[in-house]
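First up is the structure itself, then whatever we jot down about it.
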Amino acid sequence: MLKRSTINQSIRIALEIFKRNQLHLPAFAFWSTAQWDQRGHDADEIRDCMLGWDVTDFGWGDFEHIGRTLFTLRNGKHHDARYPKSYAEKLILDPEGQRAPAHFHRSKREDIINRGTGFIVLELTASDPEGNPAGGSLQVAIDGVSRTIRSGSRVQLSPGESICLAPGTIHQFWGEGGNGIVIDGIRYGVSGEVSSVCDDRSDNVFIGGGNRFPELLEDEERAFYLCQEYPAAAELK
Ligand SMILES: [Fe+2]
-1 MLKRSTINQS
9 IRIALEIFKR
19 NQLHLPAFAF
29 WSTAQWDQRG
39 HDADEIRDCM
49 LGWDVTDFGW
59 GDFEHIGRTL
69 FTLRNGKHHD
79 ARYPKSYAEK
89 LILDPEGQRA
99 PAHFHRSKRE
109 DIINRGTGFI
119 VLELTASDPE
129 GNPAGGSLQV
139 AIDGVSRTIR
149 SGSRVQLSPG
159 ESICLAPGTI
169 HQFWGEGGNG
179 IVIDGIRYGV
189 SGEVSSVCDD
199 RSDNVFIGGG
209 NRFPELLEDE
219 ERAFYLCQEY
229 PAAAELK
C-alpha cells in the first residue's frame, strides 16, 4: 500500500522542484486540510474536476520506480454542464528512475511538455484495436513537426519541447539526465501536460494492470488532501 508519509514527502519535493523551476502554483496548491475543512461550495470546481495534488503508485507497491506525483491545474468534466472546459493542464514531477506503468488513453489527447531543465524521455508503442501493444510504426508530432517512429522506440525532449500523443498511443515517460535539479542525490525533471478533458477514473488503460487511485496506508498525518479525498463542501451558513 502507498504510505501517507511517502505522499507527504513527494508533495514537499514537488513544491520545491516546481519553485526552483520558476513554476508558480495557484493558491489551492498550498491549502492545508484545516483550510479545506472550512471551504464552502465556492471551491466545488476544484473538488468536482479533481484539481490539485495527485500521488499514486498505481497499486504496484513500488513507488520509487512505478509512481507519479502530479498537480492538476485545470480540467473540465464530461456530461456536467457546470464544468464545460474541454481542456486540462497538469504539472508532473519526474524523478529519475520513476515512471507510470505503460498506458494509453481511450479518448484523451495530450501534449507532454518538458517544463524543467533535464531531459524527458518517452517510450511510445502503437496499440492494436483490442488495446494490445502492436509493432509497426506510429506517427507523432513534436512541436508541430511530424515524425514517423518505430513502435516501441524512444523520443527525448529537451527543455521547452513537447510531443502530441493521440488516443491509443501506449506511452511511458520519465526524467533522465540533462540539468535536472538534484535533491538528496535524485535528479528531477518536470513535465507538463496539456490535454483534452482528463477523466482518470475511466479513460486510462494500463498495460499489465494498475489502480489509478490505490489504497493508502495512514502512517502519519495527512499534510494535503489528494484530489480524490476532498471533504464535501462545508455547510454554508
Ligand atoms: Fe498519459
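Numbering-wise (my numbering), the sequence shown opens with residue -1 and increments by one. Using N, Cα and C, we set each Cβ at its ideal position, and we do this for glycine too.
Q) What residues are listed by DSSP as bridge partners for Thr167? A) In the DSSP assignment, Thr167 forms no beta bridge with any residue.
Q) Straight-line CA distance for Arg18 to Ser151? A) Answer to the nearest angstrom: the Cα atoms are 31 Å apart.
Q: Consider the C-beta atom of Glu108 and the heavy atoms of ligand 1; say whether any pair is separated by less than 7 Å.
A: Yes, the beta carbon of Glu108 sits closer than 7 Å to at least one heavy atom of ligand 1.
Q | Contact under 8 Å by Cβ, Gly173 with Glu87 | A | Taking 8 Å as the cut-off, the Cβ atoms of Gly173 and Glu87 do not count as close.
Q.
Between Ser149 and Thr123, how many whole angstroms is the CB-CB distance? I'm expecting something under 8 Å.
A. By a beta-carbon distance limit of 8 Å, Ser149 contacts Thr123. Their separation comes to about 5 Å.
Q: Check whether the Cβ atoms of Phe69 and Val203 sit closer than 8 Å, and answer yes or no.
A: Taking C-beta atoms as the reference points, Phe69 and Val203 fail to come closer than 8 Å.
Q.
Using only the alpha-carbon positions, how far apart do Arg37 and Leu163 sit?
A. Going from the Cα of Arg37 to the Cα of Leu163 covers about 37 Å.
Q | DSSP three-state assignment for Glu62, whether helix, strand or coil | A | Glu62 carries a coil assignment under DSSP once its states are collapsed to helix, strand and coil.
**Q.** Cβ neighbour criterion (16 or more within 10 Å) applied to Met(-1)
**A.** Classification for Met(-1): exposed.
Q) In chain order, which continuous runs of the alpha helix (DSSP H) of length 4 or greater are located wholly inside the region 25 to 86? A) With a minimum length of 4 residues, the continuous alpha helix (DSSP H) runs that stay inside the region 25 to 86 are 31 to 35, 42 to 46.
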